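Number of protein chains: 2
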Amino acid sequence: MRIALLGGTGDIGEGLALRWAHDTDHEVLIGSRDPEKARDSASEYLETIEARGAEANIKGFDNEMAADRADIVVLAVPPYHVGDTVDSVADKLDSDTVLVSPAVGMKGDEDGLHYHPPGTGSVTALVAQKAPDEVPVVGAFHNLAAAKLANLDADLDVDTLLVSDVDDAKTTVHQVAEEIDGLRALDAGPIANAAEVESVTPLVINIARYNDDMHDVGVQFN
Amino acid sequence: MRIALLGGTGDIGEGLALRWAHDTDHEVLIGSRDPEKARDSASEYLETIEARGAEANIKGFDNEMAADRADIVVLAVPPYHVGDTVDSVADKLDSDTVLVSPAVGMKGDEDGLHYHPPGTGSVTALVAQKAPDEVPVVGAFHNLAAAKLANLDADLDVDTLLVSDVDDAKTTVHQVAEEIDGLRALDAGPIANAAEVESVTPLVINIARYNDDMHDVGVQFN
Chain W
1 MRIALLGGTG DIGEGLALRW AHDTDHEVLI GSRDPEKARD SASEYLETIE ARGAEANIKG
61 FDNEMAADRA DIVVLAVPPY HVGDTVDSVA DKLDSDTVLV SPAVGMKGDE DGLHYHPPGT
121 GSVTALVAQK APDEVPVVGA FHNLAAAKLA NLDADLDVDT LLVSDVDDAK TTVHQVAEEI
181 DGLRALDAGP IANAAEVESV TPLVINIARY NDDMHDVGVQ FN
Chain P
223 MRIALLGGTG DIGEGLALRW AHDTDHEVLI GSRDPEKARD SASEYLETIE ARGAEANIKG
283 FDNEMAADRA DIVVLAVPPY HVGDTVDSVA DKLDSDTVLV SPAVGMKGDE DGLHYHPPGT
343 GSVTALVAQK APDEVPVVGA FHNLAAAKLA NLDADLDVDT LLVSDVDDAK TTVHQVAEEI
403 DGLRALDAGP IANAAEVESV TPLVINIARY NDDMHDVGVQ FN
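Those sequence lines, one after another, are chains W and P. Residue 1 is where the first sequence starts when you use my numbering, and the numbers rise one by one after that. Residue 223 is where the second sequence starts when you use my numbering, and the numbers rise one by one after that.
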């Protein structure tokens with residue numbers, strides 16, 4: 001499968017790119033508004049993986065071209081760029097492309113980070129609203145610590161939660177999620193349940209801040 | 223220590239009562255608006271523990287008397303009774319009593335449960351607002367599956383998250399939480415961070431609903 005990471009030069013994009021490129025045979029397409037930057041990141045990620053004696057298939061493109069070529073398009077961009085990014089690639093998407101939303105709206109104060117969703121109730125719901133009707137949307141990969149994800153020496157041993165209104169698309173993302181070593185995907189229901197999933201992200205960051213021995217905190221359900 | 227569970231005849235109250243009575247030497251006071259009901263539940267819990275060949279110290283009282291005698295007062299009542307319950311015991315509380323809030327406001331629809339906090343932003347913040355100024359408030363025990371908690375044969379193996387603006391009180395609750403076998407307490411910061419903690423409760427219930435092999439879902443952070 002071809003997996004595009006729009007904003008794949010950023011931190012969560014880097015982690016997902018490295019994990020999929022290293023742990024699976026999927027083709028990873030790094031997308032950026034600046035194709036030069038995308039190609040640079042793709043080369044860097046490839047070097048990281050080849051330095052471990054492994055092979056990978058990673059290429060860089062502008063966001064539109066990456067989206068056009070991909071079976072799965074992950075919106076690995078900050079929450080305030082999600083809407084614009086969907087608009088910019090909308091005519092490259094169709095019912096065969098799964099659009100994946102990992103972003104979370106947060107705002108911080110002296111106490112910690114707080115969940116701060118857009119008016120749609122969640123970023124995932126915003127993506128579903130913005131995307132062409134026929135494009136299936138899945139919320140996933142919200143609660144992964146970026147630094148741990150991008151460190152191939154670190155055992156993940158965490159869960160990710162999936163929300164979607166389209167079962168086939170959810171199954172597809174479930175599959176590629178679990179192909180990453182140490183990542184388990186759980187079903188959290190339809191997109192209407194996305195807010196409770198997204199709000200775990202500020203929570204794990206707060207836990208890392210307030211517990212001395214915890215860093216890059218992840219979550220597991222049992 | 224004396225730990226009162228107001229609403230201790232209900233499901234989360236039962237679980238905490240059984241665990242503290244079984245796993246520790248603390249005196250457990252079951253509170254209810256109806257003292258007769260409280261005494262019945264206390265006898266029941268005691269029988270459950272004695273049937274396992276263990277000893278325990280559990281007694282039933284009306285909520286006011288339970289609160290008056292306790293060092294720690296847990297508001298194990300539904301979210302819509304939390305405000306009234308605090309009012310009803312307010313003059314029995316002082317700076318030496320730690321008031322603990324485990325309740326979570328939720329509303330359900332066909333998709334699942336959704337976090338539905340009061341206007342104060344969280345039930346814990348509501349308790350802090352309602353309680354006399356000198357009474358330290360701690361949010362804790364939100365995300366525990368009641369049926370698993372009340373089943374002494376079940377290994378808990380879960381985390382609970384603490385929020386408070388008073389460090390000493392948080393330390394006290396941390397201690398009695400971790401005296402329950404298989405329960406780890408983590409610090410999630412001040413009460414301003416309570417919403418992200420409370421909203422894990424509808425999430426774990428949604429996960430139990432949408433994953434066939436999961437029941438009484440708990441959470442762990444790593």
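C-beta atoms are modelled at their ideal positions from N, C-alpha and C, and glycine is treated no differently. Computed from a prediction, not measured in an experiment: that's the story for all the values here.
### Proximal chain P residues relative to Pro190/W, where beta-carbon distance stays under 8 angstroms
Correct list: Asp333, Gly334.
_If I measure Cβ to Cβ from Ile58/W and keep anything under 6 angstroms in the same chain, skipping five residues before and after, which residues do I get?_
Cβ contact annotation for Ile58/W (same chain, cutoff 6 angstroms, sequence separation greater than five): Ala21, Val28, Ala42, Tyr45, Leu46, in chain order.
Counting only C-beta atoms, is Ile207/W closer than 8 angstroms to chain P at any point?
At least one beta carbon of chain P lies nearer than 8 angstroms to the beta carbon of Ile207/W.
Runs of beta strand (DSSP E) lying entirely within the region 311–386 of chain P, each at least 3 residues, in chain order = With a minimum length of 3 residues, the continuous beta strand (DSSP E) runs that stay inside the region 311–386 of chain P are 320–323, 328–330, 335–337, 359–361, 380–386.
Would you please verify whether the beta carbon of Glu418/P is less than 8 angstroms from any beta carbon of chain W? Yes, Glu418/P lies at the interface with chain W (some Cβ there is under 8 angstroms from its Cβ).
How big is the Cα-Cα spacing for Asp233/P and Ala430/P? Computed Cα separation, rounded: 18 angstroms.
| request: Please state whether DSSP places Asp187/W in a helix, a strand or coil. | output: Asp187/W: strand per DSSP, three-state reduction.
Notebook entry, point to check: Expressed to the nearest angstrom, what Euclidean distance is found between the alpha-carbon atoms of Lys329/P and Pro190/W?
Noted result: Taking the straight line joining both Cα atoms gives about 16 angstroms.
Query raised in the report: For Pro324/P, does the count of other Cβ atoms within 10 angstroms reach 16, so buried, or fall short, so exposed?
Result: The residue in question, Pro324/P, is buried, as its Cβ has 16 or more Cβ neighbours within 10 Å.
Using 10 angstroms around the beta-carbon of Tyr210/W, count the other beta-carbons present and answer buried if the total reaches 16, otherwise exposed. Classification of Tyr210/W: buried, given that the 10 Å Cβ count is 16 or more.
Notebook entry, point to check: Gly175/P versus chain W: which residues are under 8 angstroms apart at the beta carbon?
Noted result: The structure shown does not extend to residue 175/P, since chain P is modelled only from 223 through 444, so no value can be given for it.
- Do you know offhand how far Asp379/P's Cα is from Ser88/W's? Across the structure, Asp379/P and Ser88/W are spaced so that their CA atoms are roughly 46 angstroms apart.
Nearest by alpha-carbon distance to Asp331/P: which of Gly8/W, Ala56/W, Asn193/W is it?
Residue Asn193/W is the option with its Cα nearest to Asp331/P.
*asked:* Is Asn193/W close to chain P? Criterion is C-beta to C-beta, closer than 8 angstroms.
replied: Taking a beta-carbon distance threshold of 8 angstroms, Asn193/W counts as an interface residue toward chain P.
Check your understanding: Listing by chain order, which chain W residues have their CB less than 7 angstroms from the CB of Pro424/P?
Key -> In chain order: Glu196.
Note to self: Using 8 angstroms for Cβ pairs, my map puts Val219/W next to Val200/W. What's the rounded Cβ distance?
What the structure shows: Yes, they are in contact, since the Cβ atoms of Val219/W and Val200/W sit about 6 angstroms apart, within 8 angstroms.
Check: Can at least three beta-carbon pairs, one atom from the region 54–68 of chain W and one from the region 3–10 of chain W, be found at a separation below 8 angstroms?
Finding: Note that the region 54–68 of chain W touches the region 3–10 of chain W; at least 3 beta-carbon pairs, one per stretch, sit closer than 8 angstroms.
Exercise. Pairing CB atoms from the region 111–126 of chain W with CB atoms from the region 90–99 of chain W, are three or more of them under 8 angstroms?
Worked result: Under the 8 angstroms Cβ criterion, the region 111–126 of chain W does not count as touching the region 90–99 of chain W, having fewer than three qualifying pairs.
6 angstroms CB neighbourhood of Asp409/P in its chain, flanking five on each side removed:
So the qualifying residues of the chain are Leu384.
Handout entry: Cβ neighbour criterion (16 or more within 10 Å) applied to Ala417/P
Key = So Ala417/P ends up on the buried side.
Discussion item. For Val296/P, tell me which candidate among Leu425/P, Ile225/P, Ala276/P has the shortest Cα-Cα distance.
Written reply: For the residues Leu425/P, Ile225/P, Ala276/P, the minimum Cα distance to Val296/P belongs to Ile225/P.
Exercise for the section: Give the DSSP-derived three-state secondary structure of Ser263/P in the structure shown. Expected result: In the three-state scheme derived from DSSP, where H, G and I count as helix and E and B as strand, Ser263/P is classed as helix.
Q) Smallest Cα separation from His81/W: which of Asp212/W, Gly105/W, Lys148/W? A) Minimum Cα-Cα distance from His81/W among the listed residues Asp212/W, Gly105/W, Lys148/W corresponds to Gly105/W.
ask   = Which residues, in chain order, does the region 139–163 of chain W contribute to contact with chain P at a C-beta distance below 8 angstroms?
value = Result list: Asp157, Val158, Leu161.
Which residue's Cα is closest to the Cα of Arg39/W: Asp25/W, Asp216/W, Ala17/W, Ala169/W? Ranked by Cα distance from Arg39/W, the first of Asp25/W, Asp216/W, Ala17/W, Ala169/W is Ala17/W.
Report the neighbours of Leu16/W on chain P: residues whose CB is nearer than 9 angstroms to its CB, in chain order.
Residues of chain P whose Cβ lies closer than 9 angstroms to the Cβ of Leu16/W do not exist; the shortest such Cβ separation is about 19 angstroms.
Quick check on DSSP: helix, strand or coil for Asp62/W?
For Asp62/W, the three-state secondary structure derived from DSSP is strand.
From the DSSP output, which residues share a beta bridge with Val73/W?
-> Answer is Ala4/W, Leu99/W, bridged to Val73/W.
Worksheet item: Among the residues of its own chain, which have a CB less than 7 angstroms from the CB of Arg255/P, if the five just before and after it don't count?
Response: Excluding positions up to five away in sequence, the list reads Asp284, Asn285.
Check whether the Cβ of Ser199/W lies closer than 8 angstroms to any Cβ atom in chain P. Yes, Ser199/W counts as interfacial toward chain P.
Among Ser122/W, Ala146/W, Ile205/W, Asp216/W, which one has its Cα closest to the Cα of Gly83/W?
-> Taking the Cα of Gly83/W as reference, the smallest distance to any Cα among Ser122/W, Ala146/W, Ile205/W, Asp216/W is reached at Ser122/W.
Practice problem: Apply the 10 Å Cβ neighbour rule to Gly341/P and answer buried if 16 or more other Cβ atoms are within range, or exposed otherwise. | Solution: Per the 10 Å Cβ criterion, exposed.
Can a CB atom of chain W be found closer than 8 angstroms to the CB of Asn433/P? Asn433/P counts as touching chain W.
At a Cβ cut of 8 angstroms, what residues of the region 169–190 of chain W count as close to chain P, listed as they run along the chain? Answer set for the region 169–190 of chain W: Leu186, Asp187, Ala188, Gly189, Pro190.
Review point. Where does Ile30/W sit, in a helix, a strand or coil, going by DSSP?
Key: Ile30/W: strand per DSSP, three-state reduction.
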